[in-house]
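Trainee:
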Amino acid sequence: MSTYDRSMALTGQPPVILNRNQKIATLIGMFGLAILLLAAFNVSFPNKGLWLTLALTSIIGGTVWFSREAYLDKYPGIKNDGVWFKSLSNQGFWGWMAGIALTGFYIVLYFFPEYLGLVKGEDNKGVIGLFDPLSKALSGNPASQWFVYGTLYTVAILAFGIKFLWKYRHNKYERIRTYSVMFFQTAFAFIIPEFMARLNGSSVLNGGSLPYYDLKNMWPLNYYNFEGYRIKGFLSSGDIGFAMLIFGIASVFIISPILTYKFGKRWYCSWVCGCGGLAETAGDPFRHLSDKTVKAWNIERWVIHSVVVFVTLMTTAVIYSYLGNDTSKYWLTKSTFLIGVAVLLTAVFVWVMAFKRKQFQKDAIYGAIGYFVIIMALLGFHFFSGDGNVFLFKSETLRKSYSFLIGSIFSGVIGTGFYPVLGNRVWCRFGCPMAAILGFQQRLFSRFRITTNGGQCISCGNCSTYCEMGIDVRAYAQKGENIVRSSCVGCGICSAVCPRGVLKLENGPLKGRIDSNQVLLGNDVDLMQLVNQK
Amino acid sequence: MENIIIIGNGIAGVTAARHIRKLSKKRIIIISAETDYFFSRTALMYVYMGHMKFEHIQPYENWFWEKNDMELVRGYVTKVDVENKQLLVDGARAFFYDKLIIATGSKPNKFGWPGQDLHGAQGLYSKQDLDLLEINAPNKEACKRAVIVGGGLIGIELAEMLRSRDIPVTFLVRESSFWNGVLPEGESQMINEHIREHHIDLRLATNLVEIIPDDQGRVKAVTTDKGDTIPCDMVGLTAGVSPNVAFLKGSGIELGRGVKVNRYLETNIKDIYAIGDCAEQHEAIGNRRPIEAVWYTGRMMGETVAQTICGNRIEYKPGHWFNSAKFLDIEYQTYGWVFGERGKKEYEEHFHWRHPQEKLCITVAFNKENNLFLGINTFGIRMRHEIFDRWLTEERDVDYVMEHLSDANFDPEFYKNYEAEIVQQYNSVFGKSIQSKKKSIKRIFQLN
Numbered sequence: 004m005s006t007y008d009r010s011m012a013l014t015g016q017p018p019v020i021l022n023r024n025q026k027i028a029t030l031i032g033m034f035g036l037a038i039l040l041l042a043a044f045n046v047s048f049p050n051k052g053l054w055l056t057l058a059l060t061s062i063i064g065g066t067v068w069f070s071r072e073a074y075l076d077k078y079p080g081i082k083n084d085g086v087w088f089k090s091l092s093n094q095g096f097w098g099w100m101a102g103i104a105l106t107g108f109y110i111v112l113y114f115f116p117e118y119l120g121l122v123k124g125e126d127n128k129g130v131i132g133l134f135d136p137l138s139k140a141l142s143g144n145p146a147s148q149w150f151v152y153g154t155l156y157t158v159a160i161l162a163f164g165i166k167f168l169w170k171y172r173h174n175k176y177e178r179i180r181t182y183s184v185m186f187f188q189t190a191f192a193f194i195i196p197e198f199m200a201r202l203n204g205s206s207v208l209n210g211g212s213l214p215y216y217d218l219k220n221m222w223p224l225n226y227y228n229f230e231g232y233r234i235k236g237f238l239s240s241g242d243i244g245f246a247m248l249i250f251g252i253a254s255v256f257i258i259s260p261i262l263t264y265k266f267g268k269r270w271y272c273s274w275v276c277g278c279g280g281l282a283e284t285a286g287d288p289f290r291h292l293s294d295k296t297v298k299a300w301n302i303e304r305w306v307i308h309s310v311v312v313f314v315t316l317m318t319t320a321v322i323y324s325y326l327g328n329d330t331s332k333y334w335l336t337k338s339t340f341l342i343g344v345a346v347l348l349t350a351v352f353v354w355v356m357a358f359k360r361k362q363f364q365k366d367a368i369y370g371a372i373g374y375f376v377i378i379m380a381l382l383g384f385h386f387f388s389g390d391g392n393v394f395l396f397k398s399e400t401l402r403k404s405y406s407f408l409i410g411s412i413f414s415g416v417i418g419t420g421f422y423p424v425l426g427n428r429v430w431c432r433f434g435c436p437m438a439a440i441l442g443f444q445q446r447l448f449s450r451f452r453i454t455t456n457g458g459q460c461i462s463c464g465n466c467s468t469y470c471e472m473g474i475d476v477r478a479y480a481q482k483g484e485n486i487v488r489s490s491c492v493g494c495g496i497c498s499a500v501c502p503r504g505v506l507k508l509e510n511g512p513l514k515g516r517i518d519s520n521q522v523l524l525g526n527d528v529d530l531m532q533l534v535n536q537k
Numbered sequence: 174m175e176n177i178i179i180i181g182n183g184i185a186g187v188t189a190a191r192h193i194r195k196l197s198k199k200r201i202i203i204i205s206a207e208t209d210y211f212f213s214r215t216a217l218m219y220v221y222m223g224h225m226k227f228e229h230i231q232p233y234e235n236w237f238w239e240k241n242d243m244e245l246v247r248g249y250v251t252k253v254d255v256e257n258k259q260l261l262v263d264g265a266r267a268f269f270y271d272k273l274i275i276a277t278g279s280k281p282n283k284f285g286w287p288g289q290d291l292h293g294a295q296g297l298y299s300k301q302d303l304d305l306l307e308i309n310a311p312n313k314e315a316c317k318r319a320v321i322v323g324g325g326l327i328g329i330e331l332a333e334m335l336r337s338r339d340i341p342v343t344f345l346v347r348e349s350s351f352w353n354g355v356l357p358e359g360e361s362q363m364i365n366e367h368i369r370e371h372h373i374d375l376r377l378a379t380n381l382v383e384i385i386p387d388d389q390g391r392v393k394a395v396t397t398d399k400g401d402t403i404p405c406d407m408v409g410l411t412a413g414v415s416p417n418v419a420f421l422k423g424s425g426i427e428l429g430r431g432v433k434v435n436r437y438l439e440t441n442i443k444d445i446y447a448i449g450d451c452a453e454q455h456e457a458i459g460n461r462r463p464i465e466a467v468w469y470t471g472r473m474m475g476e477t478v479a480q481t482i483c484g485n486r487i488e489y490k491p492g493h494w495f496n497s498a499k500f501l502d503i504e505y506q507t508y509g510w511v512f513g514e515r516g517k518k519e520y521e522e523h524f525h526w527r528h529p530q531e532k533l534c535i536t537v538a539f540n541k542e543n544n545l546f547l548g549i550n551t552f553g554i555r556m557r558h559e560i561f562d563r564w565l566t567e568e569r570d571v572d573y574v575m576e577h578l579s580d581a582n583f584d585p586e587f588y589k590n591y592e593a594e595i596v597q598q599y600n601s602v603f604g605k606s607i608q609s610k611k612k613s614i615k616r617i618f619q620l621n
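Same order as they appear, the protein sequences are chains A and B.
With the numbering used here applied, the first sequence covers 4 to 537.
With the numbering used here applied, the second sequence covers 174 to 621.
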């Protein structure tokens with residue numbers, strides 16, 4: 004086919020040149036990054052507090068000024084001009100460079116924190132040392148690589164959040180949602196846990212000490228929440244600790260199902276979640292890079308549900324490993340726990356197969372049955388094999404491999420490092436077990452849908468292109484069908500970029516939510532009936 | 174097995190093919206000279222603007238056609254031999270058909286302006302036009318100014334495209350106000366303002382006289398009937414489109430401006446049908462024009478003709494009129510009939526509301542004799558198609574519509590609503606005391 008090859012055109016480029024102020028803003032931001040980089044190479048700054056403040060202020064200031072120049076002199080509206088012409092947002096040279104740099108950062112962060120200056124038992128050096136004053140001011144403790152990461156993460160969500168607020172200043176849904184992720188990141192993920200660390204050892208906690216706990220970060224995204232050391236921490240910390248443990252369990256089994264029923268999984272994925280928060284702000288310039296093919300969708304379904312099975316097995320094994328056998332000591336024993344898990348999973352499985360079977364593709368049914376049998380067989384192991392190993396593997400092996408493969412490599416190195424190459428929601432789409440569980444509820448048991456406005460779709464493809472989750476929105480819209488997909492995080496961008504006002508995110512009645520009728524209004528009524536006959 | 178040949182792979186032809194495939198196992202061949210695969214014509218602008226790549230405006234992945242057993246042929250149909258039921262593609266390859274669907278769309282109008290065929294003068298309709306635009310106006314250095322002739326939907330889209338690359342644009346519009354042959358005055362005025370605030374040099378009531386060439390036969394300037402000479406490197410000819418049917422002359426198929434069809438979309442020759450932009454009804458249907466170069470019309474005709482071809486002969490009966498467009502940043506939707514000054518019926522009365530600051534407005538048309546609701550135009554406010562379709566079918570009166578306007582709102586969640594202001598103004602203009610009802614999920618989704 005004769006597609007016009009832009010890279011070969013000598014002149015066919017749009018004006019993507021930065022104006023003078025944007026160049027200065029870029030310099031300021033780079034200056035902030037340079038301070039951090041120099042610190043990482045062990046340049047010792049005399050007044051750490053001052054230099055850290057300078058670095059973070061420059062990064063935020065540079066980003067905000069750059070965005071201001073980019074959007075505020077233009078009329079409110081969709082700002083996607085030239086997106087596919089720019090090297091950074093078009094998987095071009097700068098996109099790959101950014102991807103490599105980010106990936107490198109994650110590898111160092113997860114596996115070689117000593118290169119960032121982490122010193123155990125003594126004063127930190129390098130860039131982690133630079134963050135010591137801030138960490139001490141908040142929690143009283145020296146910084147760790149996770150504190151540095153958390154701070155930069157929050158800075159990114161705030162600075163790029165402001166950019167996003169200006170880019171979509173005509174769209175109130177986008178704005179409120181962005182305020183929400185900025186708030187939850189700053190308060191719940193960053194400040195509250197740091198302050199809570201000050202309570203450790205105090206009388207409020209009966210002298211116990213709480214594990215670091217971002218309250219909105221629930222299992223299974225927070226896959227380590229029910230590990231032995233954390234449970235001990237919770238239980239040793241008096242009523243507050245106990246309340247937090249109960250909240251952790253309730254958020255999985257009560258709070259999130261109710262909210263997902265009412266609003267869809269967007270209440271979490273694009274309003275609260277930290278991963279989602281970064282994807283929606285710093286990751287926004289890369290949202291169109293997600294793969295929309297049917298092939299990608301098939302890979303997605305298998306990979307993400309395998310992660311759910313993995314995390315369920317791993318968590319069960321870990322909890323199993325620290326429970327006792329003696330019912331007289333504590334009511335929850337290894338056996339009761341396993342029976343409980345088996346009953347819960349069977350209940351879900353039976354309910355789905357009995358009532359929702361028709362909504363599944365054939366391979367999804369096979370997958371569900373297969374995984375169910377595997378989990379049950381592994382659970383049964385406990386009762387047949389006597390004591391010792393559960394699930395063929397040692398729980399510690401499972402935990403370590405999950406933490407390495409999924410927790411570090413998938414969610415960090417690939418999920419965020421590859422933003423400029425694979426799009427901004429790779430982790431959320433292919434890996435996040437939380438997204439899978441919420442998505443399962445959203446698809447089968449929720450009021451949320453994206454309504455297609457009758458016959459107004461012109462198949463232009465803006466919705467599909469800008470869907471960060473790789474949903475082919477147009478495929479539904481052009482048939483007049485509502486979009487009810489488990490992966491939809493409800494970011495609302497499809498609705499925003501639609502030039503004809505075809506899409507609306509809304510919570511409505513369950514009846515008629517999944518429009519298997521293809522209603523294309525404007526046509527002959529009798530014909531519509533014929534077309535809708537299956 | 175029957176051979177169905179469809180000439181043209183636009184929305185009309187492809188919709189017909191999809192529905193024939195749903196209903197039957199007939200052999201389907203789609204012939205196109207334009208592209209290998211179906212794409213959304215209305216989205217061409219976004220490719221130039223860098224919102225999408227060309228592959229993104231193709232609604233189906235490339236494997237779709239083979240999987241659904243549709244044969245795609247790239248070539249130009251040069252001759253239709255209705256006696257032998259045979260087509261010639263590119264003057265050489267012969268194809269036999271049992272049934273033929275003509276869905277060849279339109280071509281840009283050229284009204285015999287001097288210089289209209291110079292290098293740098295072009296329309297905007299096809300993929301080839303888009304490629305040509307990349308040559309004629311790749312950036313503001315190569316194209317220091319563009320002049321657009323013709324104030325319709327394609328003209329304003331072309332202006333938006335060129336502005337996305339910072340190319341200065343002069344926009345010549347024959348009418349005294351933008352698109353006021355279709356839009357009522359208030360709306361048309363608002364769009365004039367919006368065009369100008371996007372730094373487009375809008376010249377109303379101005380006609381093109383001549384396009385002047387340089388010594389290499391390229392566009393150098395245009396002159397207008399106001400006596401101005403405007404230097405430019407590109408001229409966009411966007412004064413409407415007309416059916417692309419020249420290749421059928423002498424074939425025996427009855428032609429007017431387009432291919433003449435009856436209400437069953439059949440031409441005068443048995444087993445030959447025409448749909449989409451290129452079809453011309455013998456008599457207009459309702460308030461519609463005999464030729465409707467509209468995306469939605471092509472789609473509806475495609476669905477209809479598929480039924481007929483698969484043995485269920487069915488009349489083309491379009492429902493209530495609807496349409497949409499986007500003028501730079503302002504979305505436009507219309508349901509039912511609202512006419513501009515020129516086409517306004519004698520029984521038609523308008524209620525117009527415009528926001529004091531924002532670029533938002535609506536116009537509601539109703540029958541002043543019996544208060545029957547006729548239609549609505551909305552700018553910057555999205556409306557629910559299903560609701561207006563229902564109200565038009567139920568023949569609601571205008572008071573009912575004003576009272577329940579909240580039900581029809583389709584703006585994203587948390588958007589500010591203006592129903593109260595709108596109804597208040599309606600009450601004060603017509604001396605009524607209608608209360609705006611709160612949005613009701615029950616009414617919208619018809620739950621009882």
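All C-beta atoms in this analysis are idealised placements derived from N, C-alpha and C, irrespective of residue type, glycine included.
Mind pulling the beta strand (DSSP E) runs of 3 or more residues that sit fully within the stretch 545-601 of chain B?
Mentor: 546-552
Trainee: Counting only beta-carbon separations shorter than 7 Å, does Y264 of chain A have a partner in chain B?
Mentor: no
Trainee: Using beta-carbon positions only, say whether A480 of chain A and C460 of chain A come within less than 7 Å of one another.
Mentor: Cβ distance < 7 Å, so A480 of chain A and C460 of chain A count as in contact.
Trainee: For R23 of chain A, which of helix, strand or coil comes out of DSSP?
Mentor: helix
Trainee: Give the interface partners of F88 of chain A over in chain B, defined as CB-CB distance under 9 Å, in chain order.
Mentor: For a Cβ distance threshold of 9 Å, residue set G223 of chain B lies close to F88 of chain A, ordered along the chain.
Trainee: Give me the chain A residues within the contact set of F618 of chain B, using Cβ-Cβ distance strictly less than 8 Å, ordered along the chain.
Mentor: G511, P512, K514 and G515
Trainee: Which residues in chain B sit within 8 Å of Y176 of chain A, going by Cβ to Cβ distance?
Mentor: P585, E586, F587 and Y588
Trainee: Just to confirm before moving on: does the CB-CB distance between C451 of chain B and V320 of chain B stay below 7 Å?
Mentor: no
Trainee: Return the residues of the stretch 460-485 of chain B that lie within a Cβ-Cβ distance of less than 8 Å from chain A, sorted by chain order.
Mentor: Residues passing the 8 Å Cβ filter: W468, Y469, R472, M473, E476, T477, Q480 and N485.
Trainee: Taking the straight line between their C-alpha atoms, what separation do you get for I81 of chain A and V500 of chain A?
Mentor: For I81 of chain A and V500 of chain A, the gap between their C-alpha atoms comes out near 6 Å.
Trainee: When the Cα atoms are used, what is the spatial distance from I243 of chain A to S609 of chain B?
Mentor: Taken atom to atom, the span from the alpha-carbon of I243 of chain A to that of S609 of chain B is near 50 Å.
Trainee: Which value, in whole angstroms, describes the spacing of the CA atoms of Y7 of chain A and R247 of chain B?
Mentor: Low local confidence applies: a pLDDT of 42 at Y7 of chain A is under 50, so the model's placement there is unreliable, with the coordinate-based value given in what follows. Looking at the two C-alpha atoms, the distance is approximately 18 Å.
Trainee: Alpha carbon to alpha carbon, how far is L305 of chain B from I327 of chain B?
Mentor: 16 Å
Trainee: Name the chain B residues whose beta carbon is nearer than 7 Å to that of Q445 of chain A?
Mentor: Correct list: empty, because the minimum Cβ distance to chain B is about 17 Å.
Trainee: Could you have a look at G223 of chain B and say whether DSSP puts it in helix, strand or coil?
Mentor: coil
Trainee: For the stretch 239-277 of chain A, which segments carrying the alpha helix (DSSP H) assignment without a break, of at least 4 residues, lie completely within its bounds, in sequence order?
Mentor: 241-253, 259-266 and 269-272
Trainee: Does H528 of chain B get closer than 7 Å to chain A when you measure Cβ to Cβ?
Mentor: no
Trainee: Within 10 Å of its beta-carbon, does D475 of chain A have 16 or more other beta-carbons around it, so buried, or fewer, so exposed?
Mentor: buried
Trainee: Quick check: the Cα distance between V571 of chain B and V408 of chain B, rounded to an integer number of angstroms?
Mentor: 44 Å
Trainee: May I ask you to verify whether the stretch 461-469 of chain B touches the stretch 425-433 of chain A, counting CB pairs closer than 8 Å and requiring at least 3?
Mentor: Using a Cβ-Cβ distance cut-off of 8 Å, the stretch 461-469 of chain B and the stretch 425-433 of chain A are not in contact, since fewer than three pairs of beta carbons, one from each stretch, lie closer than that value.
Trainee: Between the C-alpha atoms of A498 of chain B and G548 of chain B, what's the straight-line distance to the nearest angstrom?
Mentor: 16 Å
Trainee: Compare the C-alpha of N600 of chain B against each of B:I403, B:Y573, B:I614 and B:A310 and name the closest.
Mentor: B:Y573
Trainee: So, is the C-beta of Y171 of chain A closer than 7 Å to a C-beta in chain B?
Mentor: no
Trainee: Label W305 of chain A either buried or exposed according to how many other C-beta atoms from any shown protein chain fall within 10 Å of its C-beta, with 16 as the threshold for buried.
Mentor: exposed
Trainee: Secondary structure at G409 of chain B, three-state DSSP: helix, strand or coil?
Mentor: strand
Trainee: Can you list, in chain order, the residues of its chain whose CB lies under 6 Å from that of S449 of chain A, leaving out five sequence neighbours each side?
Mentor: T263, Y264 and G267
Trainee: Taking I461 of chain A as the query, report the chain B residues whose CB atoms sit under 9 Å from its CB, ordered along the chain.
Mentor: I184, S213, R214, T215, A216, W468, Y469 and S497
Trainee: Leaving out five residues before and five after M185 of chain A in sequence, what residues of the same chain have Cβ atoms less than 8 Å from its Cβ?
Mentor: I160, L161, G164, G280 and T284
Trainee: Taking 7 Å as the threshold (C-beta atoms), are V311 of chain A and K219 of chain A in contact?
Mentor: no
Trainee: Rounded to the nearest angstrom, how far is the Cβ of H523 of chain B from that of P357 of chain B, given a contact under 8 Å?
Mentor: About 6 Å separates the two Cβ atoms, so the contact holds.
Trainee: Could you tell me whether the Cβ of K82 of chain A comes closer than 7 Å to any Cβ of chain B?
Mentor: Taking Cβ atoms only, chain B never reaches closer than 7 Å to K82 of chain A, which makes this a no.
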